[in-house]
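Take a look at the structure set out below.
6 protein chains.
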Amino acid sequence: MDSAERYNRGLKKLDEIHAGLGKQVMERLKEVCPDFERLTTEFAYGDIYSRPGVELRTRQLCTIAALTVLGNGAPQLKAHINGALNLGISRQEIMEVIIQMALYGGFHCAQNALFLAAEVFQERPW
Amino acid sequence: MDSAERYNRGLKKLDEIHAGLGKQVMERLKEVCPDFERLTTEFAYGDIYSRPGVELRTRQLCTIAALTVLGNGAPQLKAHINGALNLGISRQEIMEVIIQMALYGGFHCAQNALFLAAEVFQERPW
Amino acid sequence: MDSAERYNRGLKKLDEIHAGLGKQVMERLKEVCPDFERLTTEFAYGDIYSRPGVELRTRQLCTIAALTVLGNGAPQLKAHINGALNLGISRQEIMEVIIQMALYGGFHCAQNALFLAAEVFQERPW
Amino acid sequence: MDSAERYNRGLKKLDEIHAGLGKQVMERLKEVCPDFERLTTEFAYGDIYSRPGVELRTRQLCTIAALTVLGNGAPQLKAHINGALNLGISRQEIMEVIIQMALYGGFHCAQNALFLAAEVFQERPW
Amino acid sequence: MDSAERYNRGLKKLDEIHAGLGKQVMERLKEVCPDFERLTTEFAYGDIYSRPGVELRTRQLCTIAALTVLGNGAPQLKAHINGALNLGISRQEIMEVIIQMALYGGFHCAQNALFLAAEVFQERPW
Amino acid sequence: MDSAERYNRGLKKLDEIHAGLGKQVMERLKEVCPDFERLTTEFAYGDIYSRPGVELRTRQLCTIAALTVLGNGAPQLKAHINGALNLGISRQEIMEVIIQMALYGGFHCAQNALFLAAEVFQERPW
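Residue numbers (my numbering), protein chains in the order written: chain A, 1 to 126; chain B, 127 to 252; chain C, 253 to 378; chain D, 379 to 504; chain E, 505 to 630; chain F, 631 to 756.
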């Protein structure tokens with residue numbers, strides 16, 4: 001599969017997950033550094049998120065878990081929470097995973113992620 | 127629910143997830159610092175992992191995601207990979223989640239987690 | 253001790269430490285995710301901060317140390333700096349501990365924590 | 379070499395690297411905690427950045443790499459990106475190093491660092 | 505104060521805190537990279553740990569807190585636990601601070617630090 | 631450029647940098663999880679390290695900086711230190727960059743990286 005195919009597969013996956021916040025981050029990234037937008041779309045979305053073997057919903061919750069415990073990617077965490085809602089994951093499931101992350105990233109990381117989730121929930125229609 | 131009930135609920139959840147490696151870690155912890163073994167069993171397993179709202183299998187994969195990207199809890203990551211197998215999660219699903227974590231914790235964290243997973247896979251019968 | 257007792261002991265400890273900023277964070281958390289507010293109050297304040305064996309003042313400075321080096325919990329660090337002042341810890345002691353953390357979390361983490369401390373000092377009457 | 383000499387050597391190195399953003403951070407630090415401003419100038423700039431053995435340009439890019447992957451020092455990362463431009467490092471080189479850091483700190487850290495770099499580029503004349 | 509004075513003050517502070525494990529780490533460091541041994545002794549021990557304003561015992565517990573939550577400095581954490589015992593801090597106090605750190609660095613970090621503490625306790629006479 | 635071409639370009643870059651330790655890590659990875667070995671070779675080495683715009687020697691030192699401050703990738707840090715020597719970077723330059731990282735990742739991270747560097751230096755002929 002060549003670069004253009006990977007990019008297009010990545011764009012489709014991005015559309016599937018990231019309508020809304022995630023697309024905005026990627027569009028801003030395209031202005032700032034088009035090469036990195038292309039590499040991210042090709043690799044993260046075209047190669048990794050497009051892999052079979054685990055459900056996309058599970059992938060999305062694992063990403064929320066990872067960004068919660070690292071606590072250094074607020075815009076991306078918001079985008080992925082929004083993406084989880086796009087995939088039909090419930091608000092409750094998202095909050096459950098974040099609560100659980102208090103055990104691994106600390107209570108402050110779970111707290112901050114819940115505040116970001118609340119922002120996402122408020123910003124979008126049901 | 128009082129402390130004894132939470133502890134017992136935690137022990138049951140621990141048995142459900144962590145037959146093998148995880149139980150060994152908890153037993154060693156009990157020798158070293160019995161208070162923290164009790165607090166962990168009560169809170170992490172009695173309170174958090176016992177919550178409804180998201181499947182235990184999903185919780186387990188989210189924990190693997192978190193410990194992979196933090197990269198500072200090798201014994202616990204091995205125990206939770208073993209726990210995932212106990213819950214019927216396939217080796218492929220575990221490896222998929224770890225591969226995905228290269229995007230958030232770096233390629234070195236995914237690499238190290240895959241090496242740990244390989245150790246767990248080798249140490250236990252199918 | 254049952255959940256209500258732990259919650260009440262946690263609330264008392266929260267009042268002892270966190271009049272002001274910390275209480276505001278917990279109240280906002282209660283709106284966003286009441287379960288996590290309860291779990292935090294019960295476990296972090298009812299179980300952990302209520303333990304004997306080390307002075308509360310020392311606990312508070314250790315928390316400031318931890319949040320300084322992690323560098324990913326600004327609102328919580330501000331709340332705990334405020335809590336330290338509530339417990340009678342001096343501004344100098346707080347700044348000394350933060351300065352020392354340059355050795356473990358990097359100079360940037362100490363710098364950022366000092367800026368947060370300055371905000372807390374400015375926001376409250378002596 | 380005594381403290382005053384180290385401080386002065388540090389100030390010169392700070393002037394060499396950090397005209398603009400970095401100086402502002404240090405001046406604000408001097409108001410908030412003069413001891414830590416002195417320790418930082420003496421040690422970080424007087425002792426470490428003044429060492430021979432590796433080019434200052436390389437040191438600067440290594441610092442950008444480190445702050446990118448840690449993802450918890452936005453003001454310092456902006457100051458060091460500005461410092462890199464002061465030393466004649468090109469925008470492209472800075473962006474290349476940040477892109478590479480996606481491999482070690484995650485794509486979100488590279489993304490956030492590129493957004494900070496874009497802010498620095500926009501704020502200063504060519 | 506010149507470099508030799510800071511070095512000597514640092515050595516004295518090192519002797520005060522780190523008889524045993526910590527001295528061994530510093531001696532091995534001196535063989536591997538004498539410049540960094542000198543810089544560490546001068547700055548970390550001669551400048552920072554020698555500052556007044558907060559008790560050395562409190563400093564030591566804050567360092568244990570920091571290294572516990574970062575979870576990436578096992579030899580140094582062991583050395584500082586040993587140093588804490590040298591200063592007359594009790595095993596219970598050390599374990600209390602580590603337990604508390606589960607709230608900020610995750611339960612796995614507290615667990616691993618308790619296992620390291622147990623090793624230190626076992627290796628030294630009372 | 632298709633996947634095979636990226637893989638081959640990645641292999642060449644890997645040979646250029648990682649004769650010795652790095653190749654061993656990749657070969658072990660290929661046994662454990664061939665998909666991730668392929669993704670790493672294609673993306674990290676075929677796409678990222680093969681980009682122009684910054685010298686490979688500088689890239690290598692930036693990677694050493696990043697892995698030093700994260701402190702959670704010892705095998706990869708050793709491999710990249712070995713890779714730096716393969717590219718003609720001197721032992722002194724490597725140690726200088728690591729020393730500098732004490733400012734961002736803490737003294738313990740620089741210390742541990744220096745110990746790893748000493749192991750690499752000892753294991754290979756000049």
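Just so you know, even glycine gets a beta-carbon here, dropped at the ideal spot from N, CA and C.
Residues that residue i bridges to, as DSSP identifies them
i: D267/C; result: Answer by DSSP bridge pairing: none, since D267/C is not bridged.
i: D632/F; result: D2/A
Under 7 Å from the C-beta of residue i: neighbouring residues of chain F
i: S3/A; result: M631
Proximity test, residue i beta-carbon vs the ligand HEM heavy atom, cut-off 7 Å
i: K708/F; result: No copy of the ligand HEM occurs in the structure displayed, which carries no ligand at all.
Contact with chain C by residue i, beta-carbon distance below 8 Å
i: E600/E; result: yes
Under the three-state DSSP convention, the category residue i falls into
i: C159/B; result: coil
i: I94/A; result: helix
i: M353/C; result: coil
i: N386/D; result: helix
i: L213/B; result: coil
i: P201/B; result: helix
i: E559/E; result: coil
i: R542/E; result: helix
i: Y423/D; result: helix
i: G146/B; result: coil
i: R250/B; result: coil
CB contact below 8 Å: residue i versus chain F
i: A210/B; result: no
i: E471/D; result: yes
i: L273/C; result: no
i: Q237/B; result: yes
i: Q500/D; result: no
Contacts that residue i makes with chain E (C-beta to C-beta distance below 9 Å)
i: L744/F; result: L533, V536, C537 and F540
Amino acids of chain B, ordered along the chain, whose beta-carbon sits closer than 7 Å to that of residue i
i: I593/E; result: Chain B residues near I593/E: none, gap ~16 Å exceeds 7 Å.
CB contact below 8 Å: residue i versus chain D
i: E646/F; result: no
CB contact below 8 Å: residue i versus chain B
i: Y104/A; result: yes
Closer than 8 Å to chain I by CB, residue i
i: M656/F; result: Among the protein chains in the structure shown, which are A, B, C, D, E and F, there is no chain I.
Next on the checklist: For the segment 438-465 of chain D, list every residue whose C-beta sits within 9 Å of some C-beta in chain C, in sequence order.
Outcome noted: The segment 438-465 of chain D vs chain C, Cβ under 9 Å: A444, L445, L448, G449, N450, G451, A452, P453, Q454 and L455.
Checklist entry - If contact means a Cβ-Cβ distance below 7 Å, which residues of the segment 287-310 of chain C contact chain E? => result Listed in sequence order: A296, I300, R303, G305, V306 and T310.
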